[in-house]
Amino acid sequence: MRIGTWTLPHPVCAAPMAGVTDRPYRRLCKALGAAYAVSEMAASNPRLWDSVKTSRRLNHEGEPGPIAVQIAGADPDMLAEAALFNIRKGAGIIDINMGCPVKKVCNVASGSALLRDEALVARILQRVVTACAPLGIPVTLKTRTGWDRDSRNAVRIARLAEDCGITALTLHGRTRCDLYTGHAEYDTIRDVRQAIRIPLIANGDIDSPEKARAVLDYTGADAIMVGRAAQGRPWIFREIAHYLAHGSHLPPPTYGELREHLLSHLEDHYTFYGEHTGVRTARKHIGWYLADLPGSDTLLPAIMAIDSTAQQSLTLQRWLDEQPADALAIPVAAGSH
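When you read off a place in the sequence shown, starting at 1, and then add 23, the result is the number in the working numbering.
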C-alpha cells in the first residue's frame with residue numbers, strides 16, 4: 024500500500040489515540056511491527072503550538088518514518104497553516120481528523136462534527152491539500168461513517184476526499200453518536216471501498232489476527248488500523264502482520280520479553296515526560312500491560328500509589344523478575360478458554 028511516495032511494508036497500522044499515541048508509544052509500536060503510526064491530534068490553533076502539551080505532540084526525534092501528524096480544527100486556513108508548521112517540524116504525511124467523537128472537539132465544530140457540513144469539509148480538504156502539494160507531502164483523512172445512524176454520509180465524504188486530492192482514507196466504522204459502543208459497520212467500509220480508488224484503511228474492533236483477516240476480506244480495504252486492542256499489547260502488530268503473511272500464529276511474548284518491552288517503554292516514557300508527568304501518565308500503560316496477568320491484581324494498586332519513576336520502575340522489575348522468564352505471559356481471561 025502506498026501513501027504518496029511512502030510504501031508501507033505490510034497493511035497493519037497503529038491508530039491515533041489522544042493521550043496514548045505519544046512518541047514513545049509510536050516508536051514501540053513501530054519496533055513491534057506497526058507499518059505506520061499516526062500521532063495524537065495536534066491543535067491547528069497557532070496560540071497553542073508553544074504549549075507544553077502541543078510541543079510534546081510535535082516532537083518526533085528518533086522516530087522512524089513515515090512521520091504522520093494528525094491535525095484537528097475547523098478553519099481551512101488555520102488547518103493549512105498547521106499542516107505547513109508540522110511539515111517544518113518533520114511531518115512526512117499530514118492526516119486530517121474528522122473522526123474524533125469527544126465533546127470538547129465536537130463542541131468547537133471540529134473532529135466528527137465536521138461531517139454535518141460537507142461544504143466545509145470540501146473547503147478544508149482543498150485548502151490543506153493545496154498547501155501541502157508544492158512540498159510533495161501527501162494528505163490523508165480519518166473519519167467516521169457519519170454523525171449518527173440516520174445521517175451516514177461516509178460514501179459522499181470519501182468521494183469528496185478523493186476529488187480533493189486526499190491520498191488515503193481511514194474509516195472508523197462507527198458514527199460520531201456511537202462513540203465507541205456497539206459494533207463497527209463493516210458494510211459501510213465495504214461500500215466506501217467500492218466507491219473510491221484511493222487506498223482505504225479499515226478501523227474499528229480489530230483485536231486479533233483472525234479479525235484483521237476477516238475485515239480485510241469482507242471490506243476489500245487495503246489495510247487495517249488497530250487502536251484500543253494495542254493498549255498494553257503493542258506486539259499485536261507483529262502478530263497480525265505475521266498471520267496475514269503466513270496464516271499462522273506467533274506465540275504470545277514470554278515474561279522475559281514483556282519485561283524488556285515494558286521497561287524499555289517506561290524508560291523512554293520517563294525521559295519524554297519528565298519525573299512529575301512521567302510517573303503519572305505511565306500508570307495507565309502499566310495497567311494495560313499487566314491487566315489480567317496472574318498475580319497482578321495485588322501489584323497494580325501499589326504501582327498506582329507510587330510517585331517516583333525510579334520506584335515505579337524498580338517495583339515492576341522486582342515483580343517481573345519473580346516470573347519465569349521463559350513462560351508465556353498469557354492473561355487469565357485468555358488462558359481460561
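C-beta: ideal position from N, C-alpha, C; glycine also. On a predicted model such as this, the values are computed, not experimentally measured, just so you know.
Using only alpha-carbon positions, find the residue among the options that is nearest to residue i.
i, options, result
"Thr300", "Lys76, Ile26, Ser62 and Ala41", "Lys76"
"Thr163", "Ile180, Thr193 and Asp140", "Thr193"
"Ile110", "Gln93, Tyr296, Arg70 and Leu138", "Gln93"
"Arg167", "Ala58, Leu143, Tyr209 and Pro317", "Tyr209"
"Asn120", "Leu138, His288 and Leu322", "Leu138"
"Glu280", "Ala264, Pro257 and Ala325", "Pro257"
"Asp45", "Trp29, Met24, Glu86 and Arg213", "Glu86"
"Ser287", "Ala184, Leu337, Val215 and Gly113", "Leu337"
"Thr294", "Ile326, Leu323, Gly318 and Ala333", "Ala333"
"Gly364", "Ile90, Asp240 and Arg261", "Outside the modelled stretch of the chain, which goes from 24 to 360, sits residue 364, for which no answer is possible."
"Glu141", "Pro157, Asp118 and Ile180", "Ile180"
"Val43", "Tyr296, Thr30 and Asp240", "Tyr296"
Below 8 Å between beta carbons: does that hold for residue i and residue j?
i, j, result
"Leu361", "Arg49", "For the chain, the structure presents residues 24 to 360; residue 361 sits outside this window and is missing."
"Thr277", "Asp349", "yes"
"Gly227", "Thr198", "no"
"Gly88", "Gly115", "yes"
"Tyr232", "His284", "For the sequence presented, residue 232 should be read as Pro rather than Tyr. It is not a contact, given that the beta carbons lie outside the stated cut-off."
"Pro34", "Leu267", "yes"
"Leu343", "Pro275", "no"
"Ile221", "Ala191", "yes"
"Val302", "Gln340", "no"
"Glu63", "Pro39", "yes"
"Ala244", "Ala218", "no"
"Tyr203", "Gly255", "no"
"Gly96", "Ser74", "no"
"Gly310", "Leu289", "no"
"Lys165", "Asp214", "no"
Excluding the five sequence neighbours on either side, which residues of its own chain have a C-beta within less than 7 Å of the C-beta of residue i, listed in chain order?
i, result
"Cys187", "Ala145, Leu148, Gln149 and Val152"
"Ser359", "The predicted model places Ser359 with a pLDDT of 44, which falls under 50 and marks its position as unreliable; any figure quoted below should be read in that light. Correct list: empty, nothing qualifies."
"Ile229", "Ala235, Val238, Ile247, Val249 and Ala252"
"His206", "Asp228"
"Thr211", "Thr168, Arg175, Ala177 and Gly196"
"Pro347", "Tyr278"
"Arg282", "Leu343"
"Arg261", "Leu55, Gly56 and Leu273"
"Leu158", "Ile110"
"Leu71", "Thr77"
"Ile259", "Val249, Ala252 and Ala253"
Count the other CB atoms, across all protein chains shown, that sit within 10 Å of the CB of residue i; report buried if there are 16 or more and exposed otherwise.
i, result
"Ala237", "exposed"
"His292", "buried"
"His269", "exposed"
"Asp355", "Sequence inspection shows Val at residue 355; the Asp mentioned does not correspond to that position. Exposed, since its Cβ has fewer than 16 Cβ neighbours within 10 Å."
"Leu223", "buried"
"Arg80", "buried"
"Ala154", "buried"
"Asp171", "exposed"
"Gly56", "buried"
"Thr242", "buried"
"Leu316", "buried"
"Pro99", "buried"
"Ala184", "buried"
"Ala305", "buried"
"Ala156", "exposed"
"Ala328", "exposed"
"Ala58", "buried"
"Arg216", "buried"
Can you list, in chain order, the residues of its chain with a C-beta nearer than 8 Å to that of residue i? Leave out the 5 residues immediately preceding and following it.
i, result
"Pro69", "Met101, Glu104, Ala105 and Phe108"
"Cys129", "Low local confidence applies: a pLDDT of 49 at Cys129 is under 50, so the model's placement there is unreliable, with the coordinate-based value given in what follows. Closer than 8 Å at the Cβ level, and outside the excluded window around Cys129, lie Cys123, Ser135, Ala136 and Arg199."
"Ala41", "Glu63, Met64, Cys123 and Val125"
"Ser331", "Glu298 and Val302"
"Gly113", "His83 and Ile90"
"Thr30", "Met24"
What does a CB cutoff of less than 6 Å around residue i pick up in its chain, not counting 5 residues either side in sequence?
i, result
"Ala60", "Ala37, Arg49, Cys52 and Lys53"
"Ile263", "Val35, Pro232 and Ala235"
"His265", "Leu273"
"Ile353", "Pro275"
(message) Could you tell me which whole alpha helix (DSSP H) segments of length 4 or greater appear in the stretch 142–189?
(response) Scanning the stretch 142–189 for uninterrupted alpha helix (DSSP H) segments of 4 residues or longer gives 177–187, listed from N- to C-terminal end.
(message) Give the list of continuous beta strand (DSSP E) stretches no shorter than 3 residues that lie fully inside the stretch 48–105.
(response) Restricted to the stretch 48–105, the beta strand (DSSP E) segments that are unbroken, complete and at least 3 residues in length are 59–66 and 91–95, listed in chain order.
(message) My parser needs the beta strand (DSSP E) runs of 3 or more residues fully inside the stretch 213–267; what are they?
(response) Inside the stretch 213–267, DSSP marks whole beta strand (DSSP E) runs of 3 or more residues at positions 223–226 and 246–249, from first to last along the chain.
(message) My parser needs the alpha helix (DSSP H) runs of 4 or more residues fully inside the stretch 256–341; what are they?
(response) Taken in chain order, the complete alpha helix (DSSP H) segments of 4 residues or longer contained in the stretch 256–341 are 259–269, 278–296, 298–313 and 319–327.
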